[in-house]
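For reference, the structure is listed below as structure tokens.
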């Protein structure tokens with residue numbers, strides 16, 4: 007096991023500890039939000055959909071997502087493209 011910082015460790019190529027658990031939780035929640043948006047997209051205005059995508063990405067990254075990314079994902083959802091946001095139970099590290 008490699009110690010990175012308090013609350014984050016690397017073991018067998020995967021992050022472990024409270025910080026890794028929090029990142030996995032954020033990723034899973036962002037995926038659920040995007041799934042909900044895709045289901046409700048036909049009933050939403052473009053502004054509402056864009057705001058929802060922004061909030062989902064912000065939850066995942068914990069900072070302001072690039073607006074081009076928000077706009078691209080919003081356009082894909084609006085066109086009916088299924089956005090798959092898989093969240094695993096382990097956080098791989100490079």
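In our numbering, the protein residues as written are 7 to 100.
We put the CB at the ideal spot given by N, CA and C, even for glycine.
So is residue 80 buried or exposed if we call it buried at 16+ other beta carbons inside 10 Å?
One-based indexing of the chain shown puts residue 80 at position 74. Residue 80 should be labelled buried.
Of the choices 59, 12 and 15, whose alpha-carbon is the least far from that of residue 84?
Walking along the chain shown from the start, residue 84 turns up at place 78. Nearest option by C-alpha distance: 59.
Let me confirm a value: residue 87 is counted as buried when at least 16 other C-beta atoms fall within 10 Å, else exposed. Which label applies?
Taking the chain shown and counting its residues from 1, one reaches residue 87 at position 81. Exposed, by the Cβ-count rule.
Indicate whether the contact test is met: 3 or more Cβ pairs, each with one atom in the stretch 34-42 and one in the stretch 9-18, closer than 8 Å.
Of all C-beta pairs linking the stretch 34-42 to the stretch 9-18, fewer than three are shorter than 8 Å, placing the two stretches out of contact.
To which residues does DSSP link residue 21 through a beta bridge?
For the purposes of this step, residue 21 is taken as the residue at position 15 of the chain shown. Paired residue(s): 16 and 97.
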